[in-house]
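For the sequence shown, full-length UniProt numbering assigns the number 1 to the initial residue and increments by one for each residue that follows.
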Amino acid sequence: MDNAGKQPEEVKESEDAKKTDDGTAAVLKKLLKEQKKQQEVVQKKADKEEQKKKYEKEQSRHYHEKRLNMVSSIAPGSVYPYYPHKFHANISVGEFIAKYSNIEVKEEKKDEVMSLEARVMFFRLLGKMIFFDVQSNGLKLQLVAKKDIMDVATSPEPDIQAKTFEEVQRDIKRGDWIGVYGYPAKTNKGELSIFIQSLYLLSPCLHMLPHRIADVELRQRMRELDLMLNPESLKRFRMRSEVVRYVRNFLDDRRFIEVETPILNAIAGGAAAKPFITHHNQLNLDMFFRISPELFLKRLIVCGYERVYEIGRLFCNEGIDQTHNPEFTTCEFYAAFLDYNDLMELTEELLNGLVKKLFNGQEEIFIRVKKEEAPVDEKEKEKEKEKENDDEEKIELVKVSFKRPFRRIKFIPYLEEKTGVKFPADLWSDEANKQLDELAKLHKVEVAPPRTTTRILDKLAERYIEVECMNPTFVIEHPGVMSPQAKYHRHNTQLTERFELFVIFTELCNAYTELNNPVVQRQRFVEQTDLKAQGDEEANAINEYFCKSLEHGLPPTAGWGMGIDRVVLMLFQEPTIQDVILFPTLKPERINPTALLKKEKEEAVQSPSVAPETTSESKAPECGAFDTLH
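Pasting the structure below:
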């Protein structure tokens, strides 16, 4: 039906609808056009970014090839110029700063010529001057090369060719090790500097360096780059050395003798852990990497040394997580005529003194702690799961007090209080194992098989005791079934005179009055053998040498062990133990380190907002991670 047969109202409605349809089509057409335009802009930007990435990769590859060719293209029979044997430095960067930091602005000491070595971190060209920021041992210094004072003719190094100003412009790049002769001065802006008279390239860096390394795997695999580019990492490992030095001096001052004991053992023992196994070809003998030096150190006490200690590596063929690395450093000591009460006082004195030394006399320090670090019960775990999508960083600042005396918790009474159950009197019995197994199931405490009494008690302690140990806390008087080499308690033979020290829910120390009765010790070893037969790989085997040693007479003795890595981890607030070990145990490379390094370089170029710190006052264009002077 056409419009002739319609009523006027119908015709009007039809015309209005047509206009509406035409208007909607026009709007849609316009929207589609704008959307297409936006897509083209996005695509163009993405293409440009991709081209930039390809260019940067190509630049990085060309840079390496060019520098490699530079050090390779040497005429036969000529003196090799890039890797000299010796440079005669007479002062370090640190010594230079200490000696000349107080000279006046604009003062130049031209009569005091110094020579030092350092790595170039950044450099800038300003007319006929080049400003270098160099670094050595974590300290920075500015060097200034001026064309009119550089003298090649009278080089003080007979076996190395000094660089001319033009050669410095051409050859010296970021990451290179250089040696310089020059005099101290302060620039117009008060920057302590060395004005260079002679400059030598000692070892070129063939790769472009990123400004920083954010990739955790790359930092751990290529620690040299981490320490070179991240000042906080360099400081952290210096402080680790301070911790070891303090512990060593503490023990030396108290008449302890430092000794060394075997790392390879025919029998694995001294601790409850699964060992690494190797094979000695000539002896045709399987041997174990040590899990503890304990038995050897006690044998030295038998021979007449009253106080011995060892700081060294131990090896456990177990899991890797935030607080465990298969290879780790501990300090163990043994002292005749002391007991576990004496060692608690000694531990308080050691840690209190260490914290005060590292933190300017403070006994209370603030430590950043992940909220989920504390073990939680099942209800709390469910609540945490509900919050998994919460983007808020779960970090809190916690005050930890190392004031003496530290808190003390008795192992069995505290578990009885928390579970509301009286524990069996004889924890060695099968009935005790059944009762504790039921208790663990009732409280939904997971225990991996074999479900021995030792394992069940250990997991109950994780659930109910360790969560209470934010400040330094001694957990004392463990059951004898958990401590095969600890001496039975003088008032209750089911318990031992043992303690573990926990700080921020993590075990730092383990110590006890030593079992010195050879008959009881052999009986304990037999019981451990039974556990091993049940499938407990951490149980100890019988060590006949040690048993015979005890028969010669071990005086009343106390033994103590502390994990160095964990102390550093706790004090310096690092997220994982791998961050406080220079070269932690890692899987074989799943990503080539070179590929990781390229990735970091690309990120560095794409993030120009991340500007490196500089000691130079010059605002001239920077020749940094990827720029050159030409």
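We put the beta carbon where it would ideally sit given N, CA and C, even for glycine.
As the structure is a computational prediction, the values presented were derived from the model and not from experiment.
Beta-carbon to beta-carbon, L229 and R174 are separated by about 11 Å, too far to satisfy the 8 Å threshold. Annotation: the continuous beta strand (DSSP E) that includes Q197 extends over 192 to 203.
Listed in chain order, the alpha helix (DSSP H) elements of length 4 or more contained wholly in the region 39 to 112 are 93 to 100.
For P184, the enclosing beta strand (DSSP E) covers residues 177 to 186.
Assignment of C331 by DSSP, reduced to helix, strand and coil, places it in the strand class.
Taking the C-beta atoms as reference points, K418 is found nearer than 8 Å to Y464. Distances from the alpha-carbon of H207 to those of I172, L199, F237, S193 put I172 closest.
Excluding the 5 residues flanking it on each side, F296 has same chain C-beta neighbours closer than 6 Å at T261, in chain order.
In the three-state scheme derived from DSSP, where H, G and I count as helix and E and B as strand, Y512 is classed as strand.
Between the region 558 to 569 and the region 339 to 351, the count of C-beta pairs closer than 8 Å reaches three or more; the two stretches touch. In the DSSP annotation of this structure, the continuous segment of the alpha helix (DSSP H) that includes V520 starts and ends at 518 to 533. Going by beta carbons, S92 and V144 fall outside the 8 Å limit. By the 16-neighbour rule on beta-carbons within 10 angstroms, R490 is exposed. Setting aside the 5 residues that flank it on each side, H64 is surrounded in the same chain by L206, H207, each with a C-beta closer than 7 Å to its C-beta; the list follows chain order.
Between the beta-carbon of A336 and that of I301 there is about 6 Å, and that keeps the pair under the 8 Å contact cut. Going by DSSP, T473 is part of the beta strand (DSSP E) stretching over 473 to 476.
For Q435, the three-state secondary structure derived from DSSP is helix. DSSP places A461 in the uninterrupted alpha helix (DSSP H) bounded by 453 to 464. Membership of T419 in the alpha helix (DSSP H) is indicated by the continuous run 411 to 419. By the CB criterion at 8 Å, D159 and P275 fall outside the cutoff.
Between E157 and F87, the CB-CB gap stays under 8 Å. Taken in chain order, the complete beta strand (DSSP E) segments of 3 residues or longer contained in the region 305 to 369 are 307 to 315, 327 to 336. Per DSSP, the unbroken beta strand (DSSP E) holding V144 starts and ends at 139 to 146.
The C-alpha of T24 lies about 27 Å from the C-alpha of V42.
In the displayed model, G269 falls within coil according to three-state DSSP, outside both helix and strand.
Only residues of its own chain outside the window of five on either side were considered, and among them E348 have a CB closer than 7 Å to the CB of P405, listed in chain order. The DSSP-derived three-state label of L550 is helix. Taking the Cα positions, K548 is about 22 Å away from G480. With a 10 Å radius around the Cβ and a threshold of 16 neighbouring Cβ atoms, Q523 comes out exposed. Note on geometry: alpha-carbon atoms of R408 and L571 lie some 21 Å from one another. If you compare the alpha carbons of N317, K163, K298, Y488 with that of V308, the shortest gap goes to K298.
The C-alpha of A89 lies about 43 Å from the C-alpha of L508.
Runs of the alpha helix (DSSP H) spanning 4 or more residues and lying entirely within the region 543 to 587 occur at 544 to 551, 564 to 571, in chain order. Assignment of K37 by DSSP, reduced to helix, strand and coil, places it in the helix class. Proximity to T452 across K532, K587, F288, H280 peaks at K532, based on C-alpha coordinates. Between the beta-carbon of E363 and that of V369 there is about 18 Å, and that puts the pair past the 8 Å contact cut.
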